[in-house]
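Here is the structure we will look at, set down as structure tokens.
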Amino acid sequence: MPALDNTFLFVEPMQHYLNYGSTILHQIVGANKNPSQTIVELIGSDATPEKALEQLTSLQPIVFSLTGHGSETTTSLECTAKLVNTESPELELFKDKVISLVSCLTAQQLGPAIVDAGAVAYIGYKEEFWFFIGDEAGTTRAVQSPFLAAYQFEASLLHGKSTSGARTDQLAKYDEEIAYWITGDGKNDPYGMELARILEMNKTNSVFLGEGYVTPSPSPTVMVAGASSIPFALATIILGVLIYRELKQ
Amino acid sequence: MTKELVSNWFSKLPENEKDLPLLLSDGLAYTPRTAYNEVMRGSPVGDKLQALIETGRFGTTTEDEQAIAKTRLEQWLKQQPDKPLFATLSNKTFTPSQLLQEIQQETPIGIQWRNNEISHMKNIVRLR
Numbered sequence: 001m002p003a004l005d006n007t008f009l010f011v012e013p014m015q016h017y018l019n020y021g022s023t024i025l026h027q028i029v030g031a032n033k034n035p036s037q038t039i040v041e042l043i044g045s046d047a048t049p050e051k052a053l054e055q056l057t058s059l060q061p062i063v064f065s066l067t068g069h070g071s072e073t074t075t076s077l078e079c080t081a082k083l084v085n086t087e088s089p090e091l092e093l094f095k096d097k098v099i100s101l102v103s104c105l106t107a108q109q110l111g112p113a114i115v116d117a118g119a120v121a122y123i124g125y126k127e128e129f130w131f132f133i134g135d136e137a138g139t140t141r142a143v144q145s146p147f148l149a150a151y152q153f154e155a156s157l158l159h160g161k162s163t164s165g166a167r168t169d170q171l172a173k174y175d176e177e178i179a180y181w182i183t184g185d186g187k188n189d190p191y192g193m194e195l196a197r198i199l200e201m202n203k204t205n206s207v208f209l210g211e212g213y214v215t216p217s218p219s220p221t222v223m224v225a226g227a228s229s230i231p232f233a234l235a236t237i238i239l240g241v242l243i244y245r246e247l248k249q
Numbered sequence: 001m002t003k004e005l006v007s008n009w010f011s012k013l014p015e016n017e018k019d020l021p022l023l024l025s026d027g028l029a030y031t032p033r034t035a036y037n038e039v040m041r042g043s044p045v046g047d048k049l050q051a052l053i054e055t056g057r058f059g060t061t062t063e064d065e066q067a068i069a070k071t072r073l074e075q076w077l078k079q080q081p082d083k084p085l086f087a088t089l090s091n092k093t094f095t096p097s098q099l100l101q102e103i104q105q106e107t108p109i110g111i112q113w114r115n116n117e118i119s120h121m122k123n124i125v126r127l128r
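The listed protein sequences correspond, in order, to chains E and H. Heads up, the first sequence is in my numbering, so the first residue is 1 and it goes up one at a time. Heads up, the second sequence is in my numbering, so the first residue is 1 and it goes up one at a time.
Here it is as structure tokens:
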């Protein structure tokens with residue numbers, strides 16, 4: 001069964017500091033989704049390997065995205081439970097899909113294995129992915145910033161961009177966030193030095209593999225076409241009313 | 001050569017960056033603030049430092065770059081509150097002093113920070 005356009009699966013564990021990322025991913029999904037899309041989010045205690053694999057099988061999402069702790073060969077979900085490694089037969093479930101792993105180190109071996117298993121694209125990190133925990137999750141720009149940059153890829157895919165367009169947007173978002181902490185409003189923030197360096201490292205270590213032409217959510221074109229016919233319909237109705245009045249007199 | 005470029009560059013920097021060593025001339029390291037003062041005084045070393053800033057270089061060999069990067073990280077991290085500030089998506093957390101240990105022991109994490117600091121220094125000296 002092929003992956004289905006406009007279908008997204010997001011996995012958002014909360015423990016072991018993963019709430020710092022999952023909270024932002026949840027907000028980004030909420031702000032960027034549209035009614036033509038089928039979106040499933042596995043949050044907190046639902047973010048288990050069993051449920052993720054079950055949804056991958058039954059939903060066949062074109063995009064699979066997670067926040068999780070990772071290594072060169074493995075990525076994990078809630079309570080650091082392993083989802084897959086480079087040898088897992090479940091890698092087959094990634095075939096024809098766009099896979100985003102906001103995890104450490106997976107671009108070294110797991111990412112290439114995912115593409116070898118037939119994924120159309122993979123995005124992840126080849127070294128440690130850093131984030132700031134000096135404030136509570138989701139409460140300040142400092143804790144949000146690394147994930148706002150990372151999840152720009154998902155935001156752009158939800159907006160109908162191709163995989164290469166979303167990757168370009170993500171790199172631009174990294175530059176925007178870095179500029180905020182070096183020359184923008186955050187440059188003299190007590191933690192500005194931390195954030196500038198964290199974002200620089202994450203940007204340098206981010207890796208995109210696979211095809212750039214895939215557009216997981218092509219529906220906005222249809223919506224634009226539909227929207228552009230509304231003024232024409234209104235003009236036709238108004239004209240009809242005017243002609244009716246003229247004829248009546 | 002114009003002092004205005006150096007002045008604009010200096011004013012754009014975050015305050016905390018102004019007192020970290022950045023430029024090397026004749027074996028001595030200069031922070032942006034000391035470099036700015038030398039340039040404004042029009043001293044001989046100021047001319048050399050101005051040339052480095054204008055060309056976006058910091059005048060060091062690879063070994064010197066690594067040494068200055070380490071010094072910068074040490075100076076900065078020692079000033080930070082010693083509570084967990086940093087985390088990774090490989091399930092690790094660090095206080096500034098724990099991160100400093102990684103840098104001093106040149107672990108893979110320490111090397112990641114040191115190498116990034118060299119890139120960061122390039123971004124800072126080329127800021128316009």
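We treat Cβ as the ideally placed atom computed from N, Cα and C, and that holds for glycine. Quick caveat, the model's predicted, so the values are computed rather than measured.
Would Gln109 of chain E pass as a contact of Thr80 of chain E if the rule is Cβ separation under 7 Å?
For Gln109 of chain E and Thr80 of chain E, no; Cβs fall outside 7 Å.
To the nearest angstrom, how far is it from the Cα of Pro21 of chain H to the Cα of Thr183 of chain E?
Distance between the alpha carbons of Pro21 of chain H and Thr183 of chain E is about 19 Å.
Asp5 of chain E to Ser103 of chain E, Cα distance in whole Å?
Cα-Cα distance, rounded: 25 Å.
Spatial neighbours of Lys122 of chain H in its chain, beta-carbon cut-off 8 Å, leaving aside the 5 residues before and after:
Cβ within range, chain order: Gly56, Phe58.
Return no unless some Cβ of chain H is closer than 7 Å to the Cβ of Tyr17 of chain E.
Nearest CB-CB separation between Tyr17 of chain E and chain H: below the 7 Å threshold.
Can you tell which of E:Glu200, E:Leu158, E:Pro190 has its C-alpha closest to the C-alpha of Lys173 of chain E?
Of E:Glu200, E:Leu158, E:Pro190, the residue nearest in Cα terms is E:Glu200.
Considering only residues of the same chain and omitting the five flanking positions on each side of Glu65 of chain H, which have a CB-CB separation below 8 Å?
Exclusion of the five residues before and after Glu65 of chain H leaves Phe58, Ile118, Met121 as the residues of its chain whose Cβ lies within less than 8 Å of its Cβ.
Measure how close the beta-carbons of Leu59 of chain E and Leu9 of chain E come, nearest whole angstrom, since I'm counting them as under 8 Å.
Taking 8 Å as the upper bound for CB-CB distance, Leu59 of chain E and Leu9 of chain E are in contact here, some 6 Å apart.
Bridge-paired residues (DSSP) for Val102 of chain E:
According to DSSP, residue pairing for Val102 of chain E in a beta bridge involves E:Thr67.
Could you work out which residues of chain H lie near Gly192 of chain E, taking near to mean beta carbons separated by less than 8 Å?
Result: Pro14, Asn16.
Between Asn202 of chain E and Ala69 of chain H, what straight-line distance do the alpha-carbon atoms span, to the nearest angstrom?
Using only the alpha carbons, I get a separation of about 18 Å.
Beta carbons nearer than 7 Å to chain H: which residues of the region 160-192 of chain E have them?
Within the region 160-192 of chain E, the residues whose Cβ lies closer than 7 Å to some Cβ of chain H are Ile182, Thr183, Lys187, Asn188, Gly192, listed in chain order.
Pair within 7 Å by beta-carbon distance, Val214 of chain E and Val120 of chain E
Yes, the pair counts as a contact, with Cβ atoms nearer than the cut-off.
Compute the Euclidean distance between the alpha carbons of Phe147 of chain E and Ile24 of chain E, then round it to the nearest angstrom.
Separation of Phe147 of chain E and Ile24 of chain E (C-alpha to C-alpha, rounded to the nearest whole angstrom) is 7 Å.
Can you tell me where the alpha helix (DSSP H) with Lys12 of chain H in it begins and where it stops?
Per DSSP, Lys12 of chain H belongs to the alpha helix (DSSP H) from 3-12.
Given 8 Å as the limit, is there contact between the region 29-44 of chain E and the region 96-115 of chain H, that is, 3 or more CB pairs closer than that?
With a cut-off of 8 Å, the region 96-115 of chain H and the region 29-44 of chain E do not count as touching, because too few Cβ pairs lie within range.
Minimum C-alpha distance to Ser217 of chain E - residue among E:Gln170, E:Gly192, E:Gly160, E:Ser164:
It is E:Gly160.
I need the boundaries of the beta strand (DSSP E) containing Glu250 of chain E, first residue and last residue.
In the structure as shown, chain E begins at 1 and stops at 249. Residue 250 of chain E is therefore absent and cannot be evaluated.
Say yes only if the C-beta of Ala113 of chain E is nearer than 6 Å to one or more non-hydrogen atoms of the ligand COA, and no if none qualify.
Absence of the ligand COA from the depicted structure is noted, as is the absence of any ligand whatsoever, leaving it without description.
Quick one: which unbroken beta strand (DSSP E) runs of 3-plus residues sit fully inside the region 141-224 of chain E? Chain order, please.
The qualifying runs are 206-210.
Beta carbons nearer than 7 Å to chain E: which residues of the region 84-99 of chain H have them?
Contacts with chain E (Cβ-Cβ distance below 7 Å) from the region 84-99 of chain H involve Pro84, Leu85, Phe86, Ala87, Thr88, Leu89, Ser90, Asn91, Thr93, listed in chain order.
Report the CB separation of Leu66 of chain E from Leu101 of chain E in whole angstroms; it is logged as a contact under 8 Å.
Confirmed, Cβ separation roughly 6 Å.
If the criterion is Cβ atoms closer than 7 Å, does the pair Ala155 of chain E and Asn32 of chain E meet it?
Closer than 7 Å, so yes.
Straight-line gap, Glu194 of chain E to Leu89 of chain H (C-alpha atoms, nearest Å)
Between Glu194 of chain E and Leu89 of chain H, the C-alpha separation is close to 16 Å.
Under 7 Å between C-beta atoms, does Phe94 of chain E make it to chain H?
Closer than 7 Å: no.
So, helix, strand or coil for Tyr125 of chain E, using DSSP?
The answer is strand: DSSP assigns Tyr125 of chain E an E or B state.
I need the straight-line Cα distance from Ile62 of chain E to Thr7 of chain E, nearest angstrom please.
Inter-residue distance for Ile62 of chain E and Thr7 of chain E is about 6 Å (C-alpha atoms, whole angstroms).
Pairwise C-alpha distance: Thr48 of chain E and Ala51 of chain H:
Straight-line Cα distance between these residues: approximately 57 Å.
From the DSSP output, which residues share a beta bridge with Ser76 of chain E?
In the DSSP assignment, the residues bridged to Ser76 of chain E are E:Lys82.
Going by DSSP, name the residue or residues bridged to Ile39 of chain E.
Under DSSP, the beta-bridge partners assigned to Ile39 of chain E are E:Phe8.
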